[in-house]
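Numbering (our numbering), first residue to last: 106 to 225.
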């Protein structure tokens, strides 16, 4: 593929921009399809319309999928449980006892943020 070859850690192994353009144009044989633009997962790559010697790389939003359903369900269940536990702690033990739920609220905010970011 073009992208992994462009991102090789060792400079000698990297594909140059000219080589990548030749592969994208179909002038050089490659083990993958040389159509541009081509979507590979979340990445779309193509030649720049303004400058033919440059490549354009764009990351597409992932969108809603099956894996997001499980993650969203877990996030909702986690935060609902923490809410109920905190409410019970406030009613039964007071604010000091409820303060023990703060790390769980932080974890809930983090997994909630990860769920929202996974859409994009």
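All C-beta atoms, glycine included, are put in the ideal place defined by N, C-alpha and C.
In its chain, beyond the 5 residues on either side, no residue has a beta carbon closer than 7 Å to the beta carbon of residue 181. Taking a 10 Å sphere around the C-beta of residue 201, we find fewer than 16 other C-beta atoms and assign the residue as exposed.
With distances taken between CA atoms, residue 223 lies nearest to 176 out of 176, 194, 193. Apart from sequence neighbours up to five positions away, the residues of its chain that approach residue 187 with a beta-carbon distance below 7 Å are 206, 209, 210, 213, ordered along the chain. The C-alpha of residue 221 lies about 25 Å from the C-alpha of residue 192.
Membership of residue 123 in the alpha helix (DSSP H) is indicated by the continuous run 122-130.
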